[in-house]
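Participant: Supplied in structure tokens, the structure appears directly below.
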Amino acid sequence: MAEALPKGAVHYATSRFTQDTLPEKLRKDHSTKAGVWGQLAVHSGRLLFRREDKAEVIVEAGGTAIFAPQEVHSVEALGAVEFEVRFHRQEVSDAT
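Residues 1 to 96, numbered by UniProt numbering, are exactly what the sequence shown covers, in order.
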């Protein structure tokens, strides 16, 4: 798991979920596309964040977790939870 978003990463989308609206596809192993970073931000409750071949992490209210492009991961609501998945991409600058 990445510790921080890369320098120059630009936020472009956010999806908000609760334990009731968490899609099944996010509960199973999945990944983002190449060049797309994700940031979980838990607003209330607790979320279990699993990464392929790495330790599970419990993200509590006020906490965040970042995952790298194409990093296989899944999430599980640990009771009532409200969280966001914020998507970022590397900004490509034109060198002139």
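Every residue gets a Cβ at the ideal spot worked out from N, C-alpha and C, and that includes glycine.
Among L22, D20, A9, which has the Cα closest to the Cα of G38?
Facilitator: Counted from its first residue, the sequence shown places residue 38 at position 38. The shortest Cα separation from G38 among L22, D20, A9 belongs to A9.
Participant: With a 10 Å radius around its C-beta and 16 neighbouring C-beta atoms as the bar for buried, classify I58 as buried or exposed.
Facilitator: In the sequence shown, residue 58 corresponds to position 58, counting from 1. By the neighbour-count rule (16 or more Cβ atoms within 10 Å), I58 is not buried but exposed.
Participant: Just to confirm my understanding: we take A4, look at its own chain, exclude 5 residues before and 5 after, and list those with CB closer than 7 Å. What are they?
Facilitator: In the sequence shown, counting from the first residue as 1, residue 4 sits at position 4. Listed in chain order, the non-local C-beta contacts of A4 below 7 Å within the same chain comprise I66, local neighbours out to five positions each way being set aside.
Participant: Given a cut-off of 9 Å on the beta-carbon distance, is the pair G35 and G79 in contact?
Facilitator: Start at 1 with the first residue of the sequence shown, and residue 35 comes out as number 35. Start at 1 with the first residue of the sequence shown, and residue 79 comes out as number 79. No, the pair does not count as a contact, with Cβ atoms beyond the cut-off.
Participant: Since L47 is in the beta strand (DSSP E), which residue starts that stretch and which ends it?
Facilitator: The sequence position of residue 47 within the sequence shown is 47, counting from 1. L47 -> beta strand (DSSP E) spans 46-51.
Participant: CA-CA distance, A55 and E82?
Facilitator: Numbered from its first residue, the sequence shown carries residue 55 at position 55. Numbered from its first residue, the sequence shown carries residue 82 at position 82. For A55 and E82, the distance between alpha carbons rounds to 22 Å.
Participant: Could you check if A27 is buried or exposed, using at least 16 other CB atoms within 10 Å of its CB as the buried criterion?
Facilitator: Sequence index remark: in the sequence shown, residue 27 carries index 27 (1-based). The residue asked about is misnamed: residue 27 is Arg in this sequence, not Ala. The residue in question, R27, is exposed, as its Cβ has fewer than 16 Cβ neighbours within 10 Å.
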